[in-house]
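> My structure is below; once you've seen it, I'll send some questions.
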Amino acid sequence: MSSNIPTSILGVIALLIAYQIIVSVRSWYRLRAFPGPWSASWCRIWAFRMHTNGKMGYTMRSAAEKYGRTFRIGPEDLLTADIEAIRRLGSARLSYRRSNFYSSARLDPYNDSMINIMDTVEHDKLKAKLAPGYSGKEVPGLEATIDSVVTELTNKIAEKYASSRNSWQTKQNESSKPLLDFGLMAQYFTLDIISQIAWGQKLGYLETESDVHGHLAMLAELLVVNNVAASIPFLASLISERWVQKLLSPSEKNPRGVFRILPLSRAVVAKRFAPDAESQQDMLGSFIRHGLSQAQCNAEAMVQLIAGSDTTATAIRATLLHIITAPRVYSTLQSEIDAAISSGRICSSTKIVTYAEALSLPYLQAVIYEGIRIWPPFTATPFKHVPEGGDTIDGKFVPAGTRIAPNTMAVMRDPVVFGSDVDEFRPERWLLEDGDRVAEMKRVVELVFGYGRWMCAGKHIAFLELNKVFVELLKRFDFQIANPTKPWNSVNYALWLQWDMWVRVTARED
1 MSSNIPTSIL GVIALLIAYQ IIVSVRSWYR LRAFPGPWSA SWCRIWAFRM
51 HTNGKMGYTM RSAAEKYGRT FRIGPEDLLT ADIEAIRRLG SARLSYRRSN
101 FYSSARLDPY NDSMINIMDT VEHDKLKAKL APGYSGKEVP GLEATIDSVV
151 TELTNKIAEK YASSRNSWQT KQNESSKPLL DFGLMAQYFT LDIISQIAWG
201 QKLGYLETES DVHGHLAMLA ELLVVNNVAA SIPFLASLIS ERWVQKLLSP
251 SEKNPRGVFR ILPLSRAVVA KRFAPDAESQ QDMLGSFIRH GLSQAQCNAE
301 AMVQLIAGSD TTATAIRATL LHIITAPRVY STLQSEIDAA ISSGRICSST
351 KIVTYAEALS LPYLQAVIYE GIRIWPPFTA TPFKHVPEGG DTIDGKFVPA
401 GTRIAPNTMA VMRDPVVFGS DVDEFRPERW LLEDGDRVAE MKRVVELVFG
451 YGRWMCAGKH IAFLELNKVF VELLKRFDFQ IANPTKPWNS VNYALWLQWD
501 MWVRVTARED
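At position 273 of the sequence shown (counting the first as 1) the number is 273 in UniProt numbering, and the numbers step up by one without a gap.
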C-alpha cells in the first residue's frame with residue numbers, strides 16, 4: 001500500500017507538469033505572431049515588474065523601441081502603439097469590452113461608477129447622464145469657479161513665496177521668502193478646483209497647504225495595489241469581488257488615507273437628497289437632475305476627486321518644469337502673454353484670463369499640447385477584451401478574448417507623427433503651416449484622454465485649468481528651479497507622484 005503512494009504523487013506531479021506545458025504552449029501559440037520579452041508567453045513576471053517598478057511609462061516606451069509597435073507582455077496580454085488600433089478600442093461600432101482592470105479599481109465597494117462599470121450599455125447610459133455636468137453645460141459658473149481658485153493660488157504665491165526683484169539686487173545671501181514646492185502646490189490647486197466644481201465646496205488644500213484629508217498619503221499605496229492587479233488578472237478578479245472590496249475597504253466610521261474623504265463626500269451627497277434640498281448649479285446638482293440615485297452619486301463623488309485632480313496636476317507641474325528649463329520657450333511664451341495684454345487681446349492684467357482669450361494665444365496652445373505629449377499624465381494599461389471574431393492589429397490577427405491596452409508613452413514619442421526629435425520639448429512643432437498635420441497631431445495627443453465611448457469626461461475641465469494657470473503664473477511671476485541637478489522626485493505607477501519640485505519665485509514688475 002505504502003509503495004503505491006510515491007507513484008501516485010509522481011503521477012499527480014506529472015499531470016500538473018503536463019497541464020502547465022499544454023497551457024504554456026497554447027498561450028504561446030495563440031499570440032505567437034507578436035514579439036515580446038521571452039517570459040511573456042507563459043507568465044506575467046515582466047508585466048508585474050513593469051507595473052510596479054516606478055518607471056512604468058518609460059519601461060513601456062523602451063519595450064516598444066525593442067519589440068515594435070505591438071508586443072506581448074503576458075500570456076494573453078498585448079500593448080500597442082498602433083494609433084488606429086487604439087481608436088478602434090473606443091469605437092462604438094466595435095464591441096471591445098472592459099477587462100477586470102476596471103472593476104478592480106472600484107473605490108466604492110457598494111456601487112459602480114463610470115470608470116469601473118463593466119457593462120458597456122450601462123456605461124454609455126451613465127456617461128450620457130454625467131456629460132452635461134462634466135462639459136459645463138449645466139454648471140454655468142464653471143469658469144468663474146476655476147478663476148476663483150486660480151486667484152487663490154496666485155495670491156498665495158505672491159504673499160508667501162514671491163520675492164521682489166529689488167531683493168535680488170542687494171548683497172544679502174538669502175531671500176526673505178521661502179522656496180515653493182510647486183509639486184505639492186499644483187496638487188492642492190487641482191484638488192480644490194475639482195471639489196469646488198463637483199461638490200460646491202473647496203476642501204481647504206490651498207488654504208492650509210497641507211494634505212488635509214490624507215489623499216496624497218494613500219494615493220501611492222492605492223496605485224501600487226491597482227497596478228499589481230492590472231498585471232495579474234486572477235488577482236484583479238479577486239479584488240473585483242464586492243465581498244473582498246468590502247473586507248479591504250475601511251469603514252465610513254474609521255476611514256483611512258484617500259478614504260478619509262468618504263464621510264465628507266457622503267455628507268455632501270446626503271445633504272443634496274434631503275427633503276428640503278434645493279437644486280445646485282454644480283456637477284453634483286447636474287447628476288441629480290439627470291436621475292442619478294444617492295448611491296450612484298456617492299460612487300461618482302469619490303471618483304471625481306482622484307480622476308479629476310491627479311492627472312491635471314501632473315500636466316501643470318511637468319509642463320511648467322519644461323518651460324522653466326527651456327529659456328527659449330520661457331521667453332517666447334512670456335512675451336506672447338505680455339504682448340496680448342498690451343494689445344488688448346487679454347482684456348486686463350488684473351483679471352483672470354478668459355478661456356476664449358487663452359485660446360487666441362498660439363504659442364500657449366503649442367506649449368500645452370507639447371507638455372501633454374512630452375509627459376502624458378496617464379500611462380495606465382486599461383485593458384480591453386478583443387471581441388468575438390478577433391481583430392487585426394498592426395497587420396497581425398489577434399484572437400478573441402485577448403487583453404489589449406494602449407502604450408501611451410510610445411504613442412507620444414512616435415516620430416512618424418511628431419518628427420524625429422520626439423524627446424525634445426519643442427512647442428514650435430505645433431506651429432507648422434500644414435494645418436492637416438497639426439490637427440492629426442492634436443488628435444493623437446488627445447488619445448491621452450481616451451477615445452470614443454471611453455473618452456475622459458473631464459477633458460474640457462482639464463483644458464480650462466491648463467489654459468488659465470500658465471497665463472496667470474507667467475503673467476505675475478518668474479520661476480527658477482532651486483536644484484537644477486535634481487529638479488524633483490518623480491515616480492510613475494499609471495499616475496505620476498511628483499514632489500520636492502522646489503522653485504524660487506520672483507514677482508514681476510507691473
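Even glycine gets a Cβ: it sits at the ideal position worked out from N, Cα and C.
This structure is a prediction, so every number in the text was calculated from the model and none was measured.
1. Suppose the cutoff is 6 Å on Cβ atoms and the five residues either side in sequence are ignored; what does the same chain contact list for A64 look like?
2. Closest to H290 by C-alpha separation, out of S490, T59 and P132, would be which residue?
3. Over the uninterrupted alpha helix (DSSP H) stretch that includes N100, give me the two end residues.
4. Would S41 be called buried (16 or more neighbouring beta carbons within 10 Å of its own) or exposed?
5. Quick check: the Cα distance between S484 and I324, rounded to an integer number of angstroms?
6. Could you tell me the distance, in whole angstroms, from the CA atom of Q196 to the CA atom of A33?
7. Could you pull the start and end residues of the alpha helix (DSSP H) that G57 belongs to?
8. Might you give, ordered along the chain, the residues of its own chain that have their beta carbon closer than 6 Å to the beta carbon of D310, omitting 5 neighbours on each side?
9. The alpha helix (DSSP H) with A40 in it runs from where to where?
10. So A358 packs on L79, CB below 8 Å; how close in whole Å?
11. Can you list, in chain order, the residues of its chain with a C-beta nearer than 7 Å to that of R443? Leave out the 5 residues immediately preceding and following it.
12. What separation, rounded to the nearest whole angstrom, lies between the Cα atoms of Y493 and T151?
13. What is the rounded straight-line gap between the Cα of M114 and the Cα of G344?
14. May I ask you to check if the CB of A340 is nearer than 6 Å to at least one heavy atom of the ligand HEM?
15. Which residue wins for smallest C-alpha separation from D436, given the options D421, A326, R426 and V417?
16. So is L305 in contact with chain B if we call contact Cβ pairs under 7 Å?
17. From the DSSP output, which residues share a beta bridge with I481?
18. Identify every run of the beta strand (DSSP E) within the region 184-234, keeping only runs that are complete inside it and at least 3 residues long; order them along the chain.
19. Judging by CA-CA distance, which residue of R165, A229, V505 and L320 is the nearest neighbour of W375?
20. Specify whether the region 360-379 and the region 464-479 touch according to this definition: at least 3 beta carbon pairs, one from each stretch, less than 8 Å apart.
21. With DSSP collapsed to three states, give me the class of M1.
22. Should A47 be labelled buried (16 or more other beta-carbon atoms within 10 Å of its own) or exposed?
23. Assign K137 to one of three DSSP states: helix, strand, or coil.
24. Could you give the uninterrupted runs of the beta strand (DSSP E) lying entirely in the region 392-437, keeping only those of 3 residues or more?
25. Going by DSSP, what residue range makes up the alpha helix (DSSP H) through S490?
26. Please classify Q498: does DSSP put it in a helix, a strand, or coil?
27. Could you pull out every residue in the same chain whose Cβ sits closer than 7 Å to the Cβ of T332, ignoring the five residues on either side in sequence?
28. Alpha carbons only, please: which of Y161, V491 and S39 is nearest the one belonging to G74?
29. Is the CB-CB distance between I372 and A315 below 7 Å?
30. Does DSSP put residue 511 in a helix, in a strand, or in coil?
31. Sort out for me which residues DSSP pairs F71 with in a bridge.
32. Check each candidate in Q498, H460 and I193 and name the one with the smallest Cα separation from A318.
33. For my contact list, G458 and G308 are in at a C-beta cut-off of 8 Å; report their separation, rounded to the angstrom.
34. What residue does the alpha helix (DSSP H) around I306 start on, and which one ends it?
35. Rounded to a whole number of angstroms, what is the C-alpha to C-alpha distance between G141 and I461?
Working from what's here:
1. Sequence index remark: in the sequence shown, residue 64 carries index 64 (1-based). Here A64 has A81, N407 and A410 as same chain residues with Cβ atoms under 6 Å from its own Cβ, once five neighbours each way along the sequence are excluded.
2. For this step, residue 290 is matched to residue 290 along the sequence shown. Ranked by Cα distance from H290, the options S490, T59 and P132 are led by P132.
3. Sequence index remark: in the sequence shown, residue 100 carries index 100 (1-based). In this chain, the alpha helix (DSSP H) harbouring N100 covers N100 to S103.
4. Taking the sequence shown and counting its residues from 1, one reaches residue 41 at position 41. With 16 or more neighbouring CB atoms inside 10 Å of its own CB, S41 falls in the buried class.
5. Translated into positions along the sequence shown, residue 484 becomes position 484. Translated into positions along the sequence shown, residue 324 becomes position 324. In the sequence on display, residue 484 carries Pro and not Ser. Straight-line Cα distance between these residues: approximately 10 Å.
6. Here residue 196 refers to the residue found at position 196 of the sequence shown. Here residue 33 refers to the residue found at position 33 of the sequence shown. So the alpha carbons of these two residues sit roughly 50 Å apart.
7. As a working mapping, residue 57 is identified with position 57 in the sequence shown. Note, G57: alpha helix (DSSP H), M56 to Y67.
8. Here residue 310 refers to the residue found at position 310 when the sequence shown is read from its first residue. So the qualifying residues of the chain are L495.
9. The count along the sequence shown starts at 1 and reaches residue 40 at position 40. Counting along the chain, A40 falls outside any alpha helix (DSSP H), and DSSP gives it neither H nor E.
10. Position 358 of the sequence shown, counted from the start, is the residue given in the question as residue 358. Position 79 of the sequence shown, counted from the start, is the residue given in the question as residue 79. About 35 Å separates the two Cβ atoms, so there is no contact after all.
11. By one-based count along the sequence shown, residue 443 stands at place 443. If we look at R443 and ignore the five residues flanking it on each side, it has no Cβ neighbours.
12. Numbered from its first residue, the sequence shown carries residue 493 at position 493. Numbered from its first residue, the sequence shown carries residue 151 at position 151. So the alpha carbons of these two residues sit roughly 31 Å apart.
13. For the purposes of this step, residue 114 is taken as the residue at position 114 of the sequence shown. For the purposes of this step, residue 344 is taken as the residue at position 344 of the sequence shown. Straight across, the Cα-Cα distance linking M114 with G344 is about 42 Å.
14. Looking for the ligand HEM in the displayed structure turns up nothing, as the structure carries no ligands at all.
15. As a working mapping, residue 436 is identified with position 436 in the sequence shown. The shortest Cα separation from D436 among D421, A326, R426 and V417 belongs to V417.
16. The structure shown has no chain B; it contains just one protein chain.
17. Working through the sequence shown from its first residue, we reach residue 481 at position 481. Paired residues: V503.
18. Listed in chain order, nothing qualifies, since the region 184-234 has no complete beta strand (DSSP E) run of 3 or more residues.
19. Start at 1 with the first residue of the sequence shown, and residue 375 comes out as number 375. Nearest neighbour of W375 by Cα position, chosen from R165, A229, V505 and L320, turns out to be L320.
20. Contact between the region 360-379 and the region 464-479 is present, because at least three Cβ pairs lie under 8 Å.
21. Translated into positions along the sequence shown, residue 1 becomes position 1. Residue placement at M1 cannot be trusted, given a pLDDT of 43 that sits under 50; what the coordinates show is reported in the next sentence. Shown here, M1 sits in coil according to DSSP, grouped into three states, outside any helix or strand.
22. Counted from its first residue, the sequence shown places residue 47 at position 47. When all chains shown are included, A47 counts as buried.
23. If you number the sequence shown from 1, residue 137 lands on position 137. K137 sits in coil when the DSSP states are folded into three classes, being neither helix nor strand.
24. Taken in chain order, the whole beta strand (DSSP E) runs of length 3 or more contained in the region 392-437 are 396-398 and 403-406.
25. In the sequence shown, residue 490 corresponds to position 490, counting from 1. Annotation for S490: no alpha helix (DSSP H) segment contains it, though the beta strand (DSSP E) segment containing it runs N489 to Y493.
26. What you label residue 498 is simply residue 498 of the sequence shown in a count that begins at 1. Looking at Q498 - three-state DSSP - the assignment turns out to be strand.
27. Within the sequence shown, residue 332 is the residue found at index 332, counting from 1. If we look at T332 and ignore the five residues flanking it on each side, its Cβ neighbours are Y363.
28. By 1-based counting over the sequence shown, the position of residue 74 is 74. The candidate whose alpha carbon is nearest that of G74 is S39.
29. Here residue 372 refers to the residue found at position 372 when the sequence shown is read from its first residue. Here residue 315 refers to the residue found at position 315 when the sequence shown is read from its first residue. It is a contact, given that the beta carbons lie within the stated cut-off.
30. Since the first residue shown for the chain is 1 and the last is 510, residue 511 is missing from the structure and cannot be characterised.
31. On the sequence shown, position 71 is the one that residue 71 refers to. Its beta-bridge partners are L79.
32. What you label residue 318 is simply residue 318 of the sequence shown in a count that begins at 1. Of the listed residues, the one whose Cα sits closest to A318 is Q498.
33. Here residue 458 refers to the residue found at position 458 when the sequence shown is read from its first residue. Here residue 308 refers to the residue found at position 308 when the sequence shown is read from its first residue. Right, the Cβ-Cβ distance comes to about 5 Å (below 8 Å), so this counts as a contact.
34. Translated into positions along the sequence shown, residue 306 becomes position 306. First-last of the alpha helix (DSSP H) with I306: Q294 to A307.
35. Along the sequence shown, read from residue 1 onward, the residue named residue 141 stands at position 141. Along the sequence shown, read from residue 1 onward, the residue named residue 461 stands at position 461. Answer to the nearest angstrom: the Cα atoms are 12 Å apart.
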